[in-house]
Every structure is written in structure tokens, then in C-alpha cells.
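Since the structure comes first, as C-alpha cells, the remarks are kept for the end.
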Amino acid sequence: MKLRKAPGHDQINNAMLRNAAPTLIPHLKEVFNYIVKNQEIPPTLGDSVTTLIPKKGDLRDIGNYRPISVLPATFKLLTRIILGRIQPALELHQPPEQAGFRRGYGTVEHIYNIRLLLQKVREYKIEIFIVFIDFQKAYDSVEWNAVFNALESHGVEPSYVRVLENIYHDAESNIKILDDLTPVTIKRGVRQGCVLSPLLFNAVLEQVFNSLQWDEKHEYGIGINGDRLTNLRYADDVALIAHDRDTMQKMVDELIKESKKVGLVINKKKTVAMTNLPTTSPDNLNIKINGQNINIVDKFIYLGSSISFEPNNNEIQRRISSAWGAFTKHRQFLTDRRAAPRLKKRVFLTCVVPCFLYGCEAWALRIEDKRKIDVAQRRMERAMLGISRLDRIRNEEIAKRTRLPRVTELSWKRKVNWGWKVANAEERRWSRRISEWCPLESRRVRGRPLQRWEDEFKERLQEVGTPGVLWMRMARESKKDWDTLMTPARNRRQ
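1 is the number of the first residue of the sequence shown in full-length UniProt numbering; add one for each residue after it.
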């Protein structure tokens, strides 16, 4: 458990538990075993203290406050132990469509899946309809009975299910305003700040999609090498996929119906649709939620990355702007001539470079894109050294002084590593399925295709006399050989 965390209502923090561990462990073990054996929870163990943190806007509006709940350290320790016991059973029932809060998955997984899917439907002229679902206060609205039913259906031991039932039914939240505490009884939602909450929510959402039985409906989703891709999920961020508007409307209606049973409500204002179908007759493309049309957009920020059917979207410019925002935030230190260069380098690599590179594993960079990134990095380095273009110092000299790696080289290194992961992924993972997908029922458009994600790998293999289509086979040979094979490609397009 991490230190420097706020204590709960009992004023015991994680540091106290760690320092007193030799004495406390036998007693805590006895208490926790009693809780699991008898399914009895000590009074106030699961009670939280909720503080209202103001956001932007009118402070007289309660909607402009964000509630932050703090749980007791002993409760967190208990739930962390329970997590270790129930996680294998929950993980066993999670499909590859769900990438949220799972070991070996991440946001890059679905950013890559969506980008590569759009690349292939664009190249082969395949019609597709995508709806990005937003649930209204998803974690706060899920019904408790749905949580416990999901745990039982996932094969979690009944004793742990009963413990969690008692934790939820007996706990209260104390709203802290100034120095006053007002107890409030909670009737729904998973606990904020509890390590179990993400897994509990995923279990409920999986129950919803299991009840839909879309895998058995061959008209739903899009066919990929004999399987149907109907949705991609990252926790509560859901993307529904279909070939046409009518099928998508059925999918949305069915999801609304099943989600309502567990307390989840779709937010009509934040739910949007994307399609590559002709928009000359927008009335034929509208998706309705409870009788109201949702917006059809040309691009969408999915998991922090800009997604569009147009290959030359503004994602690279968004990353550059984000990096400049991080640089500006630390400008006072980064441009201080008294600061040690090694510390500047560390801050730049820690705070600025991640903003440059978020989602870079899924990029299909053009020469122009690389140039934009290089220009932005050189401007930042000149600012760090206090050098302007009027000083007429070459970029090579700037790079020698800062000793910073090129962001484009770091991007290529990450992409090479991701390519190896995709090639060696389990066959059921959608990242591998979509990568291997060649739509035989469709024909490519005439002419040279736009830059594809795998083109850089293919070009490098062709340089050494290997057919580019074998890039996945080469990546499966050896990680070391793959890295060695791809290393020279970093500088081939400068």
C-alpha cells in the first residue's frame, strides 16, 4: 500500500500500519479470518469520509463540486486481500473486448484496434457504423444486487460475496463540510477509492453483454476472420460496431434495455456516432436514444486519442500541443540556466515526452508528421538552452548540448515493441485478429493506398531482402532479432 495517503475517519494511515506491522499482523490476520469465516463486518469499518472539492463554475451550484471519498486504511488492506482471492475468477470471465483495469491490457490496445479497423475499412471500402457510448455516472449508479449476482455467476466463492454484501449494506459515507460530518446512507454504486470497484464494475458490465448474446447474432458487428467484433470496452467506455444504421439501432436499443436492469443509463448528450456511409441523407443515418437523435461526428476523442475516418487527422498536432502545455507548465525550471542539465533532461523525459508519445504505438507517421514533431522538440530544446534562431546554431549542436533523444526515435522504438507484442499476442486478442485480417469479400480501391500502420515494418524487411508481408512471422522468431532487424529503420526517412 502506498504511503502519504489521507487517513480515514479513524485517523490511521498506511504509514502507521506499515510501521506497526510486526505487532499488528497477527491481530489483523485473526480479525480478517473471522470476517471471512462469519461474514460479519465490524461497525464503521467500511465507513468513508467524503469531502467536496470545488471545480470550475458557480460555487453555489452543488453540481460544480467533485466528491472525494477516503476509506480507512484497515478497510483498504482487507479489500486488497479479497482482491487477490477473487481476481483470478473475475479475470477468467472477461473477454478480449474489455481492456480496462486488466493486466497486460491498456488504452493503447483499443486505440490501436480502432485505428487499424478504420484503416482497413477505408482501404477496402467497407461500410461501418460506430457508436461511442457514455454511461451517466456509471460507477455511482450500478445496482448492488447486480454486482453480487455478477460475482456469483463469475464463480467467486460465496463467503467473499457475503462479505462484500455486508460491507456495502452496512457502510455509510460521512459528508465533511468545514469541520462537521453528516452521515449519509448509500444505496447504489461501487465504492470510490476501493481497489475492488473497477473489477466489480467490469463484472457487472460483462453480465450485461452476456445477456445480449450478440455473438450468436451473425448480422451484428463486423466479421473478422470468422469472428464477430460487436464492441470494444475500456471499463465504462464502450464502442459499438456494426455494418449499417438499422443493425446499430437494434444494438443500441438492446443495450439500453439490458443496462437499465443493472442501473446504468446512457447519457444521450455525450453519446455520439461515426460512420463512413454517405451523409447526403442524414435522416437515414440517425441513431435514436429514447426517441432523440444523437450527434454524428467526423472525429472523436477516444481514450485520449483523436479518431477519424480521415487518415490525416489532427492527432499529431494534438500531441504537440499537449507537449507544449506540459513544457509551459515546467518552463520556469526548464529554462533556468542555473538548473543542472541532467535534471532538466529528467524533467523533460518524465513530463513532456509522455505527452508527445501517448498512443504513438498506433501511429502511421508520414515524413511531414515526423518533421512537425522534430521542429517542436528543437524549439523546446532551444528554449531550454536560452538560444534563439538568430544565434545561428545548428540543430546537431543543440542536440549535443541537451543530450535528449529524438522523440521520433522514441516513437519508433515503442512501435517496434508494440508490433512484437501484437505478433505474439494470444489468438483471441483483437489486436492480433485485426492485424491478420484481410477482407476477402471486399476489394481494395484503385491506386496507391495511404500510409498504413505496418508499412514501416514491411519497408525495413524489404531492405534486407525479406517479403514485407512476413513481418508478423519475423516478429515471432525472437524479440532480440526483431529489435535488431528494426533498429536501422529509425533513421531511414530523415
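Heads up, the beta-carbon is just placed ideally off N, CA and C, and yes, glycines get one too. Keep in mind the model is a prediction, meaning the values are calculated, not measured.
Beta-carbon proximity check, residue i vs residue j, cutoff 8 Å
i    : j    : result
E361 : Y105 : no
I41  : N174 : no
T275 : F129 : yes
L234 : G100 : According to the sequence as given, residue 234 is Tyr; it is not Leu. A contact, by the Cβ cut-off of 8 Å.
R122 : F348 : no
A146 : V238 : no
T44  : K176 : no
L277 : E127 : yes
I289 : K268 : yes
W482 : L116 : no
P26  : A73  : no
L199 : Q87  : yes
Q39  : N202 : no
V36  : S197 : no
8 Å Cβ shell around residue i - same chain, five flanking residues per side excluded
i    : result
V108 : G359, E361, A362 and W418
L461 : P467, G468, L470, W471, M474 and L485
K329 : C351
L232 : E97, A99, H110, N113, I114, V238, A239, I241 and W430
W437 : K120, I224 and N225
F148 : V161, L164 and E165
Neighbourhood of residue i by C-beta distance below 6 Å, restricted to the same chain and skipping five residues each side
i    : result
R490 : With a pLDDT of 44 at R490, under the threshold of 50, the predicted position of this residue should be treated as unreliable, and no value is reported.
G46  : F75, I167 and A171
S211 : E258
Y124 : P439, S442 and R444
N293 : N286
V416 : M486
Residue i versus residue j: straight-line alpha-carbon distance, rounded
i    : j    : result
D140 : G84  : 24 Å
S69  : K2   : 17 Å
L118 : A425 : 21 Å
I373 : I186 : 49 Å
I224 : E427 : 12 Å
R18  : G193 : 19 Å
K400 : L385 : 11 Å
V131 : T271 : 7 Å
R188 : E143 : 5 Å
F209 : R103 : 21 Å
L255 : L264 : 10 Å
L59  : I301 : 29 Å
D236 : E91  : 16 Å
I133 : I266 : 7 Å
Q494 : R406 : Bear in mind that a pLDDT of 40 at Q494, under 50, signals an unreliable position, so the number given afterwards is only what the model happens to contain. Rounded to whole angstroms, Q494 to R406 spans 12 Å at the Cα level.
D10  : S48  : 10 Å
L450 : P311 : 8 Å
R476 : R342 : 38 Å
D244 : P54  : 43 Å
V184 : R337 : 54 Å
Buried or exposed by the 16-neighbour rule on C-beta atoms within 10 Å, applied to residue i
i           : result
Y34         : exposed
T230        : buried
E161        : In the sequence on display, residue 161 carries Val and not Glu. The residue in question, V161, is buried, as its Cβ has 16 or more Cβ neighbours within 10 Å.
T23         : exposed
Q207        : buried
H218        : exposed
A376        : buried
M16         : exposed
V464        : exposed
R433        : buried
R492        : Confidence at R492 is low in this model, with a pLDDT of 44, below 50, so its placement is unreliable and the value that follows should be read with caution. Its Cβ having fewer than 16 others within 10 Å, R492 is exposed.
T182        : exposed
Q332        : exposed
A273        : buried
K370        : buried
F135        : buried
residue 527 : This structure cannot speak to residue 527, because the chain is shown only from 1 to 494.
R191        : buried
L71         : buried
A138        : buried
Contacts around residue i, its chain only, beta-carbon distance under 7 Å, and the 5 residues preceding and following it disregarded
i           : result
residue 558 : Since the first and last residues shown for the chain are 1 and 494, residue 558 lies out of range.
Y220        : W214, R228, T230, A242, T247 and M251
K5          : N13 and N14
K299        : S306, I307, S308 and N313
L404        : K345, F348 and E381
K479        : W420
R378        : N395 and I398
P67         : T50 and L52
(request) Examine the Cβ distances between the stretch 325 to 332 and the stretch 348 to 356 and report whether three or more of them are shorter than 8 Å. (result) yes
(request) Say whether the stretch 384 to 398 touches the stretch 443 to 453, bearing in mind that this needs 3 or more beta-carbon pairs closer than 8 Å, one atom from each stretch. (result) no
(message) Pairs of beta-carbons, one from the stretch 417 to 436 and one from the stretch 363 to 370, closer than 8 Å: are there three or more?
(response) Cβ pair count under 8 Å is below three, so no.
(request) Could you tell me whether the stretch 305 to 320 touches the stretch 147 to 160, where touching means 3 or more Cβ pairs closer than 8 Å? (result) Too few Cβ pairs lie closer than 8 Å, so no.
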